[in-house]
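Enquirer:
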Amino acid sequence: MKNIVRQGWQKFCQAGVWAPMAWVFCAAHHGNLETYGTLAVPILYSSCGITLLIITLVWGMRPQTPNLKWLSWLIALVCVLATYLLYTPAPAPIVHMGQALGGICVAWMYTSWARLYRSLPIGACIRCFAWALIISSLAKIFVDLIPPEAECIAVSCIALASPLLANRASHQGFPAEEVEAVYTASNVHRLWKIACGIALFGTLIGIINGIDADLSAPLTAEANIFLHLCEIALGCVVLLRAVPWHREFDFFQIWRLILVFMATGLVIMPFLQGDARAVALSLVGVAQTIVVILLWLALMDIAHYSSLHPYAVFGAGWVLYALPLAAGYFFAQFIPMDAQGSSVAPVLSYALILMLMFIVDSYPSGIRRIFADLGPTIPANDRFPDLERNCQQVGKAHGLTPREIEVMELICKGRSKAYIAETLFVAENTVRSHSKHLYAKLNVHSKQELIDLVRPEVPHRNSR
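Residue numbers (UniProt numbering): 1 to 464.
1. Tell me whether the beta-carbon of V291 lies closer than 8 Å to the beta-carbon of I208.
2. Tell me, which residues are paired with Y183 by DSSP?
3. Is there contact between the stretch 146 to 165 and the stretch 83 to 102, where contact requires at least three CB pairs shorter than 8 Å?
4. Alpha carbon to alpha carbon, how far is F271 from R118? Give it in angstroms, no decimals.
5. Have a look at N224 and P163 and give me their C-alpha separation to the nearest angstrom.
6. Select from A280, I293, I258, A15 the residue whose C-alpha is nearest the C-alpha of V238.
7. Would you kindly work out how many angstroms separate the C-alpha atoms of V80 and L74, rounded to a whole number?
8. Since I believe A15 is in contact with C152 (beta carbons under 8 Å), could you give me their beta-carbon distance rounded to a whole number of angstroms?
9. Where do the N-terminal and C-terminal ends of the alpha helix (DSSP H) with W108 fall, by residue?
10. For a test of the three-state rule: what should DSSP assign to Q333, helix, strand or coil?
11. Between A161, R115, P121, A114, which has its C-alpha nearest S136's C-alpha?
12. Please state whether the Cβ-Cβ distance between W108 and L71 is less than 8 Å.
13. Among S282, A233, L44, V431, which has the Cα closest to the Cα of I94?
14. Specify, as a first and last residue, the run of the alpha helix (DSSP H) that H29 falls within.
15. When DSSP labels each residue in this structure, what does P147 get in the three-state scheme?
16. Whose C-beta lies closer than 7 Å to the C-beta of L165 among residues of the same chain, with five residues either side of it excluded?
17. So, at 6 Å on beta carbons, what are the nonlocal neighbours of K11 in its own chain, with the 5 sequence-adjacent residues on each side left out?
18. Do you know how far the Cα of L295 is from the Cα of H304?
19. Is the beta carbon of Q322 sitting closer than 8 Å to the one on L52?
20. Give me the Cα-Cα distance between R313 and G235, rounded to the nearest whole angstrom.
21. If distances are taken between C-alpha atoms only, which option among T430, W59, Y350 comes closest to Y311?
22. Three-state secondary structure (DSSP) at A278?
23. Is DSSP giving A418 helix, strand or coil here?
24. What residue range is occupied by the uninterrupted alpha helix (DSSP H) comprising P402?
25. Mind checking which residues open and close the alpha helix (DSSP H) that includes N443?
26. How many angstroms separate the CA atom of I211 from the CA atom of A92?
27. Taking Cβ to Cβ, would you say G399 is nearer than 8 Å to K436?
28. Measure from the alpha carbon of E222 to the alpha carbon of each residue in S282, I198, R256, D301, then state which is nearest.
29. In terms of alpha-carbon separation, which member of K140, V78, H189, Y419 lies closest to H30?
30. Nearest to I254 by alpha carbon, out of Q392, A278, H309, G197?
31. Are the beta-carbon atoms belonging to G206 and L320 less than 8 Å from one another?
32. Could you round the C-beta distance between residue 467 and M269 to whole angstroms and report it? I think they count as a contact, below 8 Å.
33. Got a sec? Which residues, its chain only, sit under 6 Å from I232 by beta carbon, not counting five neighbours each side?
34. For a quick check, are the C-beta atoms of G317 and L297 less than 8 Å apart?
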């Protein structure tokens with residue numbers, strides 16, 4: 001029983017990024033925002049984005065800079081002060097000061113988890129973040145349901161939880177893994193499509209939520225709870241899809257799912273009035289949650305295979321989301337009020353179509369590496385040190401061509417078809433054709449059956 005409790009506490013600590021996730025939502029949707037929401041939210045994200053930009057520049061240009069772990073506790077105390085300013089009735093400048101301080105704190109709390117998650121393979125990161133998403137959603141529901149006078153105390157405790165859990169997780173020790181760096185300062189520009197997609201999406205979210213002053217105020221309690229339940233469901237889907245069954249994540253399929261929720265919310269928004277518009281905003285909120293999931297997991301995987309400092313990787317990733325989000329809020333203030341129902345939704349829908357055409361249409365170099373380690377793989381250990389030799393033997397015994405044997409080796413290593421296409425310098429359709437032919441020759445019907453054929457005595461598990 002003690003072991004179960006200890007393991008549960010360890011997992012809870014490793015999923016501690018739920019604390020800044022919950023705090024920033026409360027800061028952006030609660031407190032005095034009903035009165036000062038028009039400027040308060042963009043101030044929060046502007047402050048966060050500028051701080052992240054500074055972090056990216058400092059640790060990107062000087063990676064030998066100390067990690068400054070001690071700063072996390074000071075930041076937490078400042079975050080408690082910011083919470084007090086947000087939830088205590090006060091003039092607008094005081095509330096705006098609280099948002100500015102809160103943005104600085106959130107930026108540091110996010111990046112403080114980067115060093116811990118960088119040492120984990122993507123499968124372990126998925127487990128940690130899925131639990132973080134579920135726990136943060138439960139915390140948000142709790143804050144929604146408690147009396148308003150107790151919210152400030154609860155949100156302050158959430159702020160203090162981040163450095164506490166990070167400290168405990170670092171003392172537990174994350175299993176270090178030596179990997180070859182894929183992303184370096186000279187080739188990280190290959191991820192430009194991800195950067196464009198995140199920035200464009202952040203801008204759209206900011207515009208949608210800033211179009212009307214009513215939309216800057218907190219959502220209805222029912223809409224909030226619906227959004228949080230959707231987040232819990234998404235966390236459970238991530239756990240059930242990727243963790244026990246070792247299934248692959250298709251980066252661009254996830255983007256298409258995001259666009260479906262976004263487009264649906266935009267289409268129905270002009271036809272709804274008053275509190276009913278919260279339904280459309282909830283759908284947009286679900287899309288925003290999926291983007292946050294995708295961004296966190298992508299940054300974890302990129303940092304794991306990067307020679308850059310993890311603070312620089314996570315800082316750059318979140319800058320691309322926070323600053324465009326704030327810019328969208330500010331831009332929305334200049335949209336004429338009579339254009340909300342007739343002009344804005346078509347313009348935003350057009351922007352989504354452009355995103356679909358230019359961001360989601362292909363697998364450019366660099367993006368194929370992301371999530372490539374998911375899916376069933378053949379464990380590398382002393383009992384089976386030579387995967388290539390065994391694949392050669394199986395391939396020759398069944399009449400496979402040299403190219404089909406190369407594809408089989410990469411499939412057994414857990415690589416996606418897009419990643420194999422980039423590695424072999426061929427089209428993805430060519431890889432599909434080779435896969436179809438070798439599956440037919442070997443009389444197997446799935447990746448797991450192929451692995452069982454190459455090494456039948458290995459139990460089904462995922463490791464590198």
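Here a beta-carbon is modelled for each residue, glycine too, at the ideal position from N, C-alpha and C. In this text, all values refer to a predicted model and were calculated from it rather than measured experimentally.
Expert: In brief:
1. no
2. S306
3. yes
4. Cα-Cα distance, rounded: 45 Å.
5. 27 Å
6. I293
7. 10 Å
8. In fact, because the Cβ distance is near 25 Å, the residues do not count as touching under 8 Å.
9. 92 to 112
10. Note: Q333 maps to coil in three-state DSSP.
11. A161
12. A contact, by the Cβ cut-off of 8 Å.
13. L44
14. 18 to 29
15. coil
16. C13, G16, A19
17. none
18. 14 Å
19. The displayed chain sequence assigns Ala, not Gln, to residue 322. For A322 and L52, yes; Cβs fall inside 8 Å.
20. With the sequence shown as reference, residue 313 is identified as Val, and Arg is not the correct amino acid for it. Straight-line Cα distance between these residues: approximately 24 Å.
21. With distances taken between Cα atoms, Y311 lies closest to W59.
22. Correct three-state label for A278: helix.
23. helix
24. 402 to 412
25. From DSSP, N443 is part of no alpha helix (DSSP H); its letter is neither H nor E.
26. 20 Å
27. no
28. Looking at the Cα atoms, S282 is the closest of the given residues.
29. Among K140, V78, H189, Y419, the Cα nearest to that of H30 is on K140.
30. When each option's Cα is compared against that of I254, the closest is G197.
31. no
32. Beyond the ends of the chain as shown, which are 1 and 464, falls residue 467; an answer cannot be given.
33. I134, S137
34. no
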